[in-house]
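In my numbering, the protein residues as written are 40 to 270. Reading through the structure tokens given below for one structure.
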């Protein structure tokens, strides 16, 4: 990536009113870390599509940009939606893109998640969106186990959607049966409706003081995005 090339933090998008501002703050943090112009774009639920953002860049004389997908798995969005969005944006605007790796489920993500677990936690639950693509949920389950290893804890992975036991009811059951204290962490970059539903479910736990809730990763992802830009 040229030092002059802007970076686009490409998120899935959400109807949640706090989601777009959160992704914008992440983009600002990336710009502060790297010195490169950075801006958000979204695959869905926002007028700031990759094409509209690319059109703005083209109007300012930019012909190239690096795109960092803010996705944790190589599932449908990464395999299909992202390439299609890049192709459409280039065809419409002439801007050429360098596609970086997504956030993924590697060691740096595991280390970040482990660093956010409260002291004296007895069990860790990682809650992700979920996918029907083979291997995607398994990759996040492996991530949860790795986080548990780093923190010296037992760990569980649950999804908000997809096959099997999913969603707030499954999360509540897992929390009720887990060793105490238990920490529930979202594998979300920004606020979302699925996480809000999970929080509402967990607050119904009878012994609520023994359960802690994490928050979406937000600007703590900026160093990881900066690293993806340099690959």
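Where a beta carbon is used, it is the ideal one built from N, C-alpha and C, also for glycine.
- The Cβ atoms of residue 205 and residue 179 lie no closer than 8 Å to each other.
- In this structure residue 160 is in contact with residue 220, their Cβ atoms being roughly 5 Å apart against a cut-off of 8 Å.
- Rounded to whole angstroms, the separation of the alpha carbons of residue 82 and residue 257 is 18 Å.
- Under the three-state reduction of DSSP output, residue 196 falls in the strand class.
- As summarised for the region 119-207, the continuous alpha helix (DSSP H) elements at least 4 residues long and confined to that stretch are 121-132, 146-154, 175-190, given in chain order.
- The straight-line gap separating the alpha-carbon atoms of residue 266 and residue 72 is approximately 10 Å.
- Contact check for residue 103 and residue 134: beta-carbon distance about 7 Å, within the 8 Å limit, so the pair qualifies.
- The region 243-261 makes contact with the region 222-234; the number of CB pairs closer than 8 Å reaches 3 or more.
- Annotation for residue 69: the continuous alpha helix (DSSP H) segment containing it runs 58-73.
- Beta-bridge pairing by DSSP links residue 106 to 47, 138.
- Scanning its chain for C-beta atoms nearer than 6 Å, with the 5 sequence neighbours on each side dropped, one finds around residue 236 the residues 207, in chain order.
- Secondary structure at residue 238: helix, using DSSP grouped into helix, strand and coil.
- Rounded to the nearest angstrom, the Cβ distance from residue 156 to residue 124 is 34 Å, too far for a contact under 8 Å.
- Per DSSP, residue 251 is one residue of the beta strand (DSSP E) stretching across 250-252.
- Bounds of any alpha helix (DSSP H) do not take in residue 223; it lies within the beta strand (DSSP E) bounded by 221-225.
- In this structure, DSSP gives residue 217 a state outside helix and strand, which the three-state scheme calls coil.
- It is roughly 14 Å from the alpha-carbon of residue 129 to the alpha-carbon of residue 120.
- Less than 8 Å separates the beta-carbon of residue 167 from that of residue 198.
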